[in-house]
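This report concerns only the one structure given below.
Number of protein chains: 2
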Amino acid sequence: MRASYHEELNGLLDSLQHMAVLVEVAVSEAAASLLEPDLARAEAVISNDSQLDAMHEELEYRCLSLLALQAPVAGELRTIVSAIRVVFELARMGDLAAHVAKIARLRFPDSAVPDSLRENFSRMSEVCVAMIQLANQSLKDRDAVAALRMAEIDHEMDHLRRDHFGVLLGKNWSGSVEQAIDVALLGRYFERFADHAVAVARRVIYIITGQFPEGEEWPNA
Amino acid sequence: MRASYHEELNGLLDSLQHMAVLVEVAVSEAAASLLEPDLARAEAVISNDSQLDAMHEELEYRCLSLLALQAPVAGELRTIVSAIRVVFELARMGDLAAHVAKIARLRFPDSAVPDSLRENFSRMSEVCVAMIQLANQSLKDRDAVAALRMAEIDHEMDHLRRDHFGVLLGKNWSGSVEQAIDVALLGRYFERFADHAVAVARRVIYIITGQFPEGEEWPNA
Chain A
18 MRASYHEELN GLLDSLQHMA VLVEVAVSEA AASLLEPDLA RAEAVISNDS QLDAMHEELE
78 YRCLSLLALQ APVAGELRTI VSAIRVVFEL ARMGDLAAHV AKIARLRFPD SAVPDSLREN
138 FSRMSEVCVA MIQLANQSLK DRDAVAALRM AEIDHEMDHL RRDHFGVLLG KNWSGSVEQA
198 IDVALLGRYF ERFADHAVAV ARRVIYIITG QFPEGEEWPN A
Chain B
18 MRASYHEELN GLLDSLQHMA VLVEVAVSEA AASLLEPDLA RAEAVISNDS QLDAMHEELE
78 YRCLSLLALQ APVAGELRTI VSAIRVVFEL ARMGDLAAHV AKIARLRFPD SAVPDSLREN
138 FSRMSEVCVA MIQLANQSLK DRDAVAALRM AEIDHEMDHL RRDHFGVLLG KNWSGSVEQA
198 IDVALLGRYF ERFADHAVAV ARRVIYIITG QFPEGEEWPN A
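Chains as they are written, first to last, in this note's numbering: chain A, 18 to 238; chain B, 18 to 238.
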């Protein structure tokens with residue numbers, strides 16, 4: 018019985034990591050569909066989101082079953098309750114990737130990102146993908162020290178967001194109101210990707226150490 | 018032991034409802050600080066957010082303690098796991114209220130909402146407050162039928178969001194790029210308030226019935 022329980026728990030963590038890889042692909046494909054722009058890639062991100070939502074439901078159900086049937090305590094209780102939250106964070110990232118892809122689709126064959134901000138968005142998407150990879154790697158290796166690096170990477174996102182507001186509100190901005198709105202919302206979606214990655218790292222640290230990391234850069238968001 | 022456990026569980030639900038009332042106040046005060054505009058009210062929403070974050074941590078800790086010490090099953094397990102999620106949703110609404118208040122503060126003594134959209138935002142805030150009240154009431158009364166009305170109310174939010182994009186992108190829009198960005202982000206924040214209220218109602222229905230409501234209007238968000 019206990020052996021099968023540990024198999025189930027390990028299976029759950031494997032599924033979680035698999036989901037994280039799918040989310041990484043969704044985020045990077047959404048960014049590509051926006052910057053190329055590429056309609057087929059945008060459509061794929063949008064239609065694949067239902068798969069992530071289904072994984073969310075299935076993994077949450079498996080977590081609840083483990084809680085109900087095994088009544089875990091201590092580190093295992095922390096792991097399962099945190100897994101519920103990590104799955105939710107990953108599903109939200111998938112939703113945000115679909116939001117980004119929908120804006121790409123809406124503006125196709127134009128790009129919703131003006132030339133003056135291509136580099137900014139390209140870097141934002143790289144940073145987001147790196148954050149998801151770091152979260153996933155730290156979960157896989159149970160490496161709290163790696164997860165702690167997340168807050169550092171997140172600083173670059175803050176800078177990138179400030180930079181693009183600087184472009185939007187600067188005197189050289191020549192785009193339309195529509196473009197400005199697209200950029201502001203896209204920037205918000207990328208900022209939220211990063212927030213969710215930080216939240217995953219926060220939970221990974223909690224799983225491993227039993228303590229949440231402290232400080233303003235680790236909001237419980 | 019069991020009596021004290023039930024006391025704790027009921028105390029948890031009372032605290033949850035108390036938190037929901039504080040969130041309702043935060044949302045309505047944030048909207049007022051934006052529309053008046055009122056600097057003191059904006060500052061109060063921003064500084065009170067840390068209280069909601071502290072409640073989030075404390076209530077989550079109480080849920081985990083109940084899970085660990087009492088190993089609840091069936092309806093009680095559902096209730097406690099759902100409570101963790103509801104507390105999170107409420108805390109996110111508090112964060113969003115602080116975001117709204119920060120935009121109000123940034124533009125003070127001007128209003129971030131142009132006259133042509135005052136009515137739209139005023140109604141959005143009313144609908145959000147009504148949604149939080151409905152979620153809280155249905156939790157208090159364990160009334161799944163009331164919670165089901167949430168998806169209906171959420172439709173009005175969708176209409177209001179479309180209306181304000183119509184104004185922003187219409188030929189009569191005479192505001193600046195900065196104003197358009199403020200409105201787009203504020204609209205997004207109000208839309209997310211509503212999403213979180215729907216998520217709370219979804220969990221309330223799950224607590225009561227053991228089933229999640231189905232259909233596109235009930236995303237797992």
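We treat Cβ as the ideally placed atom computed from N, Cα and C, and that holds for glycine.
Helix, strand or coil for residue i per DSSP?
i: LEU88/B; result: First, the amino acid is wrong: residue 88/B is Ala here, not Leu. Looking at ALA88/B - three-state DSSP - the assignment turns out to be coil, as it is neither helix nor strand.
i: ASP160/B; result: coil
i: ARG166/A; result: coil
i: MET18/B; result: In this predicted model, MET18/B has a pLDDT of only 49, less than 50, meaning its place in the structure is not dependable enough to derive any value.
i: GLN228/A; result: coil
i: ASN153/A; result: helix
i: GLY192/B; result: coil
i: GLU143/B; result: helix
i: GLU234/B; result: coil
i: VAL221/B; result: helix
i: GLY187/B; result: coil
i: HIS35/A; result: helix
i: GLU24/B; result: helix
Residue i versus chain A: which residues are under 7 angstroms apart at the beta carbon?
i: GLU195/B; result: LEU186
i: ARG90/B; result: It should be pointed out that residue 90/B corresponds to Val in this sequence rather than to Arg. Under the 7 angstroms cutoff, chain A gives ALA85.
Run down chain B in chain order and give the residues with a C-beta less than 7 angstroms from the C-beta of residue i.
i: ALA201/A; result: ILE198, ALA201, LEU202
i: TRP190/A; result: VAL194
Cβ of residue i within 7 angstroms of Cβ of residue j?
i: LEU76/B; j: SER32/B; result: yes
i: LEU243/B; j: ALA37/B; result: The structure shown does not extend to residue 243/B, since chain B spans only 18 to 238, so no value can be given for it.
i: VAL117/A; j: ASP171/A; result: no
i: ARG109/B; j: HIS213/B; result: yes
i: ALA201/A; j: LEU51/B; result: no
i: CYS145/A; j: VAL44/A; result: yes
i: ALA115/A; j: ASP55/A; result: no
i: GLU231/B; j: ALA168/B; result: no
i: ILE101/A; j: ALA161/A; result: no
i: ALA88/A; j: ALA88/B; result: yes
i: LEU151/A; j: GLY111/A; result: no
i: LEU29/B; j: ARG79/B; result: yes
i: GLY204/A; j: ARG179/A; result: no
i: ASN153/B; j: GLN228/B; result: no
i: HIS73/A; j: VAL103/A; result: no
i: ALA197/B; j: ALA197/A; result: yes
i: HIS181/B; j: LEU134/B; result: yes
i: PRO131/B; j: GLY187/B; result: no
For residue i, tell me which candidate among the options has the shortest Cα-Cα distance.
i: ASP199/B; options: PHE210/B, LEU185/B, ALA211/B; result: LEU185/B
i: ASP127/B; options: GLU106/B, ARG140/B, GLU195/B; result: GLU195/B
i: GLU173/A; options: ALA197/A, PRO230/A, HIS73/A, ALA147/A; result: ALA147/A
i: ARG209/B; options: HIS73/B, PRO236/B, GLU231/B, GLU25/B; result: PRO236/B
i: ALA218/B; options: TYR206/B, GLU143/B, ARG159/B, ALA48/B; result: ARG159/B
i: ALA47/A; options: ASP180/A, LEU26/A, TYR78/A, MET141/A; result: MET141/A
i: TYR206/A; options: LEU39/A, ASP132/A, PHE138/A; result: PHE138/A
i: LEU81/A; options: LEU156/B, ALA85/B, VAL98/B; result: VAL98/B
i: ARG122/A; options: ALA57/A, HIS181/A, VAL104/A, ARG135/A; result: ALA57/A
i: GLU60/A; options: LEU84/A, GLY192/A, ILE120/A; result: ILE120/A
i: ALA211/A; options: ARG166/A, ASN27/A, LEU26/A, ALA71/A; result: ARG166/A
i: LEU86/B; options: SER64/B, GLU25/B, SER193/B; result: GLU25/B
i: ILE225/B; options: GLU93/B, GLU143/B, GLU136/B; result: GLU93/B
i: GLU136/B; options: ARG220/B, HIS23/B, GLU53/B; result: GLU53/B
Give the residues of chain D in contact with residue i, contact being defined as C-beta atoms less than 7 angstroms apart.
i: ARG205/B; result: Chain labels in this structure do not include chain D; the protein chains are A and B.
Which bits of chain A does residue i rub up against, with CB to CB less than 9 angstroms?
i: LEU94/B; result: LEU81, LEU84, ALA85
i: ILE101/B; result: VAL98, ILE101, ARG102
Any heavy atom of the ligand SAM closer than 6 angstroms to the CB of residue i?
i: ALA161/B; result: Of ligands this structure carries none, so the ligand SAM is not represented either.
Length at least 4, wholly inside the segment 49–130 of chain A: the alpha helix (DSSP H) runs in chain order: Those alpha helix (DSSP H) runs which fall completely within the segment 49–130 of chain A and span 4+ residues are 56–87, 91–124.
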